[in-house]
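**Student:** These protein sequences, in sequence, are chains A and B.
Residue numbers for the first sequence follow the working numbering, beginning at 1 and rising by one.
Residue numbers for the second sequence follow the working numbering, beginning at 221 and rising by one.
Here's a structure for you.
2 protein chains.
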Amino acid sequence: MTDASATVLDVASCSTGKRRQIRPKAERRQQLIGATIRCIAQHGLSAVTMQMVTREAGLSVGIANLHFQSKENLLRETLRYVAEEYHNGQIEIMEGAAITDLGDRLDALLDFQLGRGVTQRQKMSVWFAYYGEAGARPVYQKIVSRVDRLAAQKLEALFAAIIGEGDYQDVDPRELATGYSALIDGLHLGLLVTPRELTKRRARSVARDFLRRAFPKHIY
Amino acid sequence: MTDASATVLDVASCSTGKRRQIRPKAERRQQLIGATIRCIAQHGLSAVTMQMVTREAGLSVGIANLHFQSKENLLRETLRYVAEEYHNGQIEIMEGAAITDLGDRLDALLDFQLGRGVTQRQKMSVWFAYYGEAGARPVYQKIVSRVDRLAAQKLEALFAAIIGEGDYQDVDPRELATGYSALIDGLHLGLLVTPRELTKRRARSVARDFLRRAFPKHIY
DNA sequence: AGCAAGAATGAATGATCATTCATTCTTGAT
DNA sequence: ATCAAGAATGAATGATCATTCATTCTTGCT
Numbered sequence: 001m002t003d004a005s006a007t008v009l010d011v012a013s014c015s016t017g018k019r020r021q022i023r024p025k026a027e028r029r030q031q032l033i034g035a036t037i038r039c040i041a042q043h044g045l046s047a048v049t050m051q052m053v054t055r056e057a058g059l060s061v062g063i064a065n066l067h068f069q070s071k072e073n074l075l076r077e078t079l080r081y082v083a084e085e086y087h088n089g090q091i092e093i094m095e096g097a098a099i100t101d102l103g104d105r106l107d108a109l110l111d112f113q114l115g116r117g118v119t120q121r122q123k124m125s126v127w128f129a130y131y132g133e134a135g136a137r138p139v140y141q142k143i144v145s146r147v148d149r150l151a152a153q154k155l156e157a158l159f160a161a162i163i164g165e166g167d168y169q170d171v172d173p174r175e176l177a178t179g180y181s182a183l184i185d186g187l188h189l190g191l192l193v194t195p196r197e198l199t200k201r202r203a204r205s206v207a208r209d210f211l212r213r214a215f216p217k218h219i220y
Numbered sequence: 221m222t223d224a225s226a227t228v229l230d231v232a233s234c235s236t237g238k239r240r241q242i243r244p245k246a247e248r249r250q251q252l253i254g255a256t257i258r259c260i261a262q263h264g265l266s267a268v269t270m271q272m273v274t275r276e277a278g279l280s281v282g283i284a285n286l287h288f289q290s291k292e293n294l295l296r297e298t299l300r301y302v303a304e305e306y307h308n309g310q311i312e313i314m315e316g317a318a319i320t321d322l323g324d325r326l327d328a329l330l331d332f333q334l335g336r337g338v339t340q341r342q343k344m345s346v347w348f349a350y351y352g353e354a355g356a357r358p359v360y361q362k363i364v365s366r367v368d369r370l371a372a373q374k375l376e377a378l379f380a381a382i383i384g385e386g387d388y389q390d391v392d393p394r395e396l397a398t399g400y401s402a403l404i405d406g407l408h409l410g411l412l413v414t415p416r417e418l419t420k421r422r423a424r425s426v427a428r429d430f431l432r433r434a435f436p437k438h439i440y
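See below:
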């Protein structure tokens with residue numbers, strides 16, 4: 001259980017495994033956040049220890065407190081990193097100028113949200129580990145809320161544009177955006193907790209169905 | 221932080237607060253599971269300690285190990301209890317003979333899933349606390365999977381019946397059931413993590429919209 | 001009343017964890 | 001080549017936690 005953990009080496013580890021490396025602060029922080037993500041995914045948030053994280057990063061125990069002051073702070077920053085990564089990916093698609101057709105934009109969004117990058121067990125584990133604690137930790141709630149709000153607005157705007165373009169009746173963009181976001185979250189949860197019953201392919205199909213029912217002229 | 225915890229007294233505590241109570245095993249187990257649920261909701265799964273749970277239950281520290289052998293076992297049984305409670309509530313609605321109209325049955329299901337009983341912060345916190353750990357704990361996955369599977373089958377059957385009754389075209393009951401379940405999960409998550417942005421009323425409206433789009437002849 | 005069975009207690013134990021800090025090492029400027 | 005700044009180390013510390021078990025108390029039976 002303890003031996004194999006050092007096999008996944010990080011970018012920074014050189015050929016001479018013994019020499020002490022001195023690296024810029026930002027790089028060490030990133031290294032530790034990456035190790036934290038891997039540890040949460042593998043052992044669960046409640047089982048993560050500082051020793052575990054620093055060993056996974058190939059560093060000494062003291063270094064985590066040097067760069068993050070406390071475990072709580074490291075966990076907070078890790079959540080912020082994961083949340084912003086997901087957030088930025090969505091925003092990029094919804095604001096990007098590369099795609100002009102609104103239907104294509106929807107497709108790209110769906111591919112991102114249920115594609116290889118996001119639905120890795122690692123990412124989803126971290127995601128829901130924090131959600132699980134969010135009920136008791138206002139700090140986590142605040143981080144997720146702030147990130148979610150902007151993405152929700154952009155999604156609503158995209159839906160509103162599609163509704164205008166397709167002249168769809170009786171469709172409220174805000175309501176639909178809430179539903180779609182919830183559906184994606186629920187599918188992520190299904191992929192994480194019951195991977196036997198829900199494949200990625202089927203998750204994509206389900207989400208596409210939802211969009212098709214709402215915007216039949218744009219999807220398919 | 222420590223003083224106020226004993227204010228929420230349990231059913232069993234009598235007027236004479238001092239005398240040692242001897243109660244049947246099943247009752248003590250239930251008492252401890254209830255206390256565990258409250259502790260997880262208030263402090264988060266990762267912060268729950270045996271001392272915390274037994275104090276919340278108004279009992280001594282040793283008693284938890286007497287009835288559950290270990291903390292891990294107590295947590296496992298608590299998850300099983302919460303999962304089965306939700307599961308049984310759904311099954312009862314989907315199998316109950318009291319409601320004959322299929323549209324009404326759908327309504328009842330939605331009211332249960334997003335109604336007062338289920339959407340208490342307490343329940344949802346526990347629910348997602350375990351989901352968060354499920355990625356790293358096969359035991360939790362198994363408990364949730366087994367419970368989910370049967371409910372999913374019943375839901376699919378209900379949808380299939382509605383599809384037959386309404387002669388809906390191009391609607392796959394299995395796909396739709398997966399989507400609806402995911403939507404409900406996602407709405408629960410939204411109610412837990414971003415309560416400011418998602419009210420229960422709106423969550424119900426979103427779920428109803430989903431069903432209306434699929435079964436326009438049955439909903440509204 | 002007396003007693004056996006076993007439910008309940010909580011101080012004690014040993015393990016684990018986050019955090020600290022005296023020390024060592026590396027780097028870049030002089 | 002030397003040195004100051006500060007990055008990195010890891011043994012040590014003190015706190016907290018799950019678990020144990022000798023002891024106390026309650027109940028139901030005779």
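Heads up, the beta-carbon is just placed ideally off N, CA and C, and yes, glycines get one too.
Here the structure is a predicted model, which means the values were calculated and not measured.
Going by beta-carbon coordinates alone, are residue 341 of chain B and residue 403 of chain B separated by less than 8 angstroms?
**Tutor:** no
**Student:** Roughly how many whole angstroms lie between the Cα atoms of residue 89 of chain A and residue 81 of chain A?
**Tutor:** 12 angstroms
**Student:** Could you tell me whether the Cβ atoms of residue 74 of chain A and residue 64 of chain A are closer together than 8 angstroms?
**Tutor:** In this structure, residue 64 of chain A lies closer than 8 angstroms to residue 74 of chain A by Cβ.
**Student:** By alpha-carbon positions, which one of B:244, B:327, B:273 ends up nearest to residue 258 of chain B?
**Tutor:** B:273
**Student:** Going by Cα to Cα distance, which pick from B:323, B:388, B:378, B:298 is closest to residue 363 of chain B?
**Tutor:** Measuring from the Cα of residue 363 of chain B, the nearest candidate turns out to be B:298.
**Student:** Out of A:29, A:102, A:187, A:32, state which residue places its alpha-carbon closest to the alpha-carbon of residue 118 of chain A.
**Tutor:** A:187
**Student:** Beta carbon of residue 129 of chain A, beta carbon of residue 87 of chain A: below 8 angstroms?
**Tutor:** Taking the C-beta atoms as reference points, residue 87 of chain A is found no nearer than 8 angstroms to residue 129 of chain A.
**Student:** How many whole angstroms separate the CB atoms of residue 356 of chain B and residue 145 of chain A, which I take to be in contact at a CB cut-off of 8 angstroms?
**Tutor:** About 25 angstroms separates the beta carbons of residue 356 of chain B and residue 145 of chain A, which is beyond the 8 angstroms limit, so they are not a contact pair.
**Student:** Counting only the same chain and skipping the five closest in sequence on each side, list residues whose C-beta sits under 7 angstroms from that of residue 207 of chain A.
**Tutor:** 110, 114, 183, 184, 187
**Student:** Whole angstroms are fine: how far does the CA of residue 199 of chain A sit from the CA of residue 315 of chain B?
**Tutor:** 28 angstroms
**Student:** In angstroms, rounded to a whole number, what distance separates the CA positions of residue 202 of chain A and residue 396 of chain B?
**Tutor:** 11 angstroms
**Student:** Kindly list, in the order they appear in chain B, the residues whose Cβ is closer than 7 angstroms to that of residue 205 of chain A.
**Tutor:** Contact of residue 205 of chain A with chain B by beta-carbon distance below 7 angstroms involves 395.
**Student:** Should residue 269 of chain B be labelled buried (16 or more other beta-carbon atoms within 10 Å of its own) or exposed?
**Tutor:** exposed
**Student:** By the criterion of Cβ-Cβ separation under 8 angstroms, what are the contact partners of residue 263 of chain B in chain A?
**Tutor:** 136
**Student:** Counting only C-beta atoms, is residue 433 of chain B closer than 8 angstroms to chain A at any point?
**Tutor:** yes
**Student:** Using a C-beta to C-beta distance shorter than 8 angstroms, which residues of chain A count as neighbours of residue 344 of chain B?
**Tutor:** Against chain A, a Cβ distance below 8 angstroms from residue 344 of chain B picks out 135.
**Student:** Under 8 angstroms, Cβ to Cβ, is there at least one residue of chain B near residue 54 of chain A?
**Tutor:** no
**Student:** Any beta carbon of chain A sitting closer than 8 angstroms to that of residue 379 of chain B?
**Tutor:** no
**Student:** Hey, out of A:29, A:45, A:59, A:47, whose CA is closest to residue 21 of chain A's CA?
**Tutor:** A:59
**Student:** Could you work out which residues of chain A lie near residue 341 of chain B, taking near to mean beta carbons separated by less than 9 angstroms?
**Tutor:** Going along chain A in sequence order, the residues near residue 341 of chain B (Cβ under 9 angstroms) are 135.
**Student:** Rounded to the nearest angstrom, what separates residue 319 of chain B and residue 374 of chain B at their Cα positions?
**Tutor:** 15 angstroms
**Student:** Quick check: residue 322 of chain B and residue 381 of chain B, are their CB atoms within less than 8 angstroms of each other?
**Tutor:** yes
**Student:** Assuming residue 46 of chain A contacts residue 353 of chain B (C-beta within less than 8 angstroms), just tell me the rounded distance between them.
**Tutor:** Rounded, the Cβ-Cβ distance is 6 angstroms, consistent with contact.
**Student:** For residue 269 of chain B, which of helix, strand or coil comes out of DSSP?
**Tutor:** coil
**Student:** Suppose only complete runs of 4+ residues qualify. What are the alpha helix (DSSP H) ranges in the segment 97–177 of chain A, listed by chain order?
**Tutor:** With a minimum length of 4 residues, the continuous alpha helix (DSSP H) runs that stay inside the segment 97–177 of chain A are 102–113, 121–134, 138–166.
**Student:** Report back the beta-carbon spacing between residue 83 of chain A and residue 57 of chain A to the nearest angstrom; my notes put them in contact at under 8 angstroms.
**Tutor:** Wrong, their Cβ atoms sit about 21 angstroms apart, outside the cutoff.
**Student:** Quick check: what's the CA-CA separation for residue 173 of chain A versus residue 390 of chain B?
**Tutor:** 24 angstroms
**Student:** Scan the segment 271–304 of chain B for residues whose Cβ lies nearer than 7 angstroms to a Cβ of chain A and list them as they occur along the chain.
**Tutor:** none
**Student:** Looking only at its chain, what residues have a beta carbon closer than 7 angstroms to the beta carbon of residue 244 of chain B, apart from the 5 residues adjacent to it on each side?
**Tutor:** Cβ within range, chain order: n/a, list empty.
**Student:** Which chain A residues sit within Cβ distance under 7 angstroms of residue 351 of chain B?
**Tutor:** 128, 132, 189, 193
**Student:** Could you tell me which chain B residues have their CB closer than 8 angstroms to the CB of residue 197 of chain A, listed as they occur along the chain?
**Tutor:** 365, 368, 369, 372
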